[in-house]
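Participant:
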Amino acid sequence: MNGARPATELNKVPAVTLGFWIAKILATTLGETAGDTVSMTWNLGYLVGTAIFGTALVVLVALQARAKGYWPSLYWATIVASTTAGTTLADFADRSLGIGYAGGSLLLLALVLGSIATWKLVEGKVSSTQVTSGRAELFYWITITFSQTLGTALGDWAADNGGLGYLGAAMLFGAAIAVVAGLYFFTRLNRTALFWAAFILTRPLGATVGDFLDKPIAKGGLNFSRPLASAFLVVVLVIVVAIGARRTASPDDRKAA
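Those letters in the sequence shown? Residues 292 to 548, by our numbering.
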């Protein structure tokens, strides 16, 4: 996927299409299974898992900042790093620090809103489709990381404390995303606000679907192998991103690929 020229010379983020949202849900589901693989299956713990994925996230954001345009593989690798780091960070805060799902969700919601407010104050605008300056890109990835972590806490809160179970919580967040989609198509509400609402909600959807796949049957899951589920999701995500990149590439890019 890196063989073609950047799809856009200045803009650093992809077009927000149906393919974008499919890839986002796959990435967030992968973030849950991969994060749980490191912290639980490999028994490294939440703090070590956060250090591993946090380091990967910092490196990938630095590479993203140096890129001259939107590179699909680099962008989605960074998204996956943010969602895996969000998984282990939220679990560390909720469980190891003992602030609980409700406390963690409220804290992270405040961080997301604070990041967006500061972005607006510094840059004068907040965009989900045009990220061209270095400062805007930094705010973009900070907001994404906070939103991914918030989504993990929300998913666990609904599934565990809310008593919905993993499948029930997934249906709840899926319905919430459908409502946001309806507001997008049938109202004139602020598009950026709706984007971030949907972006946050896709994370708990992916988190609960991931938990449904790999948690024990006794706890309401399907007890699939976390590493195998993660590997499968990686393959599907690569296919979806490659198809999206192919469709947005210019004719010359297609000939060169």
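Beta carbons are placed, not taken as given, at the ideal position from N, Cα and C, and that holds for glycine.
Note that the structure is a prediction, hence the values are computed from the model and not measured.
#1: Report all residues from its chain with a CB closer than 6 Å to the CB of T319; omit the five preceding and five following residues, and keep chain order.
#2: With the cut-off set at 7 Å, would you say T379 and G442 are in Cβ contact?
#3: Which residues in the same chain have their Cβ closer than 7 Å to the Cβ of A381, if we skip the five residues on either side of it in sequence?
#4: Go ahead and pull the three-state DSSP assignment for A547.
#5: Along the alpha helix (DSSP H) that carries M331, what are the first and last residues, could you check?
#6: Thinking C-alpha only, which one of I435, A384 and P305 is nearest A405?
#7: What do you reckon, are the CB atoms on A520 and D505 nearer than 7 Å?
#8: According to the neighbour-count rule (16 or more other Cβ atoms, all chains shown, within 10 Å of its Cβ), is W487 buried or exposed?
#9: Please look up how many angstroms separate the CB atoms of T420 and A306, rounded, as I've assumed it's under 8 Å.
#10: So is T499 buried or exposed if we call it buried at 16+ other beta carbons inside 10 Å?
#11: Is the CB-CB distance between F383 and L348 below 7 Å?
#12: State the Cα-Cα distance for the pair Q355 and A393, rounded to the nearest angstrom.
#13: Buried or exposed: where does S330 fall if 16 or more other Cβ atoms within 10 Å of its Cβ makes it buried?
#14: I need the straight-line Cα distance from L388 to R538, nearest angstrom please.
#15: Taking the CB atoms as reference points, tell me whether A489 and I508 lie closer together than 7 Å.
#16: Going by DSSP, what residue range makes up the alpha helix (DSSP H) through Q439?
#17: Would you call L309 buried or exposed, if buried means 16 or more other Cβ atoms sit within 10 Å of its Cβ?
Facilitator: Put simply:
#1: For T319, where only same-chain residues beyond five positions count, the Cβ hits under 6 Å are T374, T493, R494 and G497.
#2: Not closer than 7 Å, so no.
#3: Here the set comprises G395, T440, T443 and A444.
#4: Note that A547 scores 36 on pLDDT, short of 50, meaning its location in the model is unreliable; the coordinates nonetheless yield the value given after this. Here A547 sits in helix by DSSP.
#5: For M331, no alpha helix (DSSP H) segment is defined, and its DSSP state is neither H nor E.
#6: For the record, residue 405 in the displayed sequence is Gly; it is not Ala. Out of I435, A384 and P305, the CA that lies nearest to the CA of G405 is found in I435.
#7: Between A520 and D505, the C-beta spacing is below 7 Å.
#8: W487 sits buried, since 16 or more C-beta atoms from the chains shown fall within 10 Å of its C-beta.
#9: With 8 Å as the limit, T420 and A306 qualify as a contact, their Cβ atoms being about 7 Å apart.
#10: Taking every protein chain shown into account, the CB of T499 has 16 or more other CB atoms within 10 angstroms, so this residue is buried.
#11: For the 7 Å CB-CB criterion, F383 and L348 do not form a contact.
#12: Straight-line Cα distance between these residues: approximately 33 Å.
#13: Buried, because 16 or more other Cβ atoms sit within 10 Å of the Cβ of S330.
#14: About 45 Å.
#15: No.
#16: Run containing Q439: G425 to D447, per the alpha helix (DSSP H) assignment.
#17: With fewer than 16 Cβ atoms within 10 Å of its Cβ, L309 is classed as exposed.
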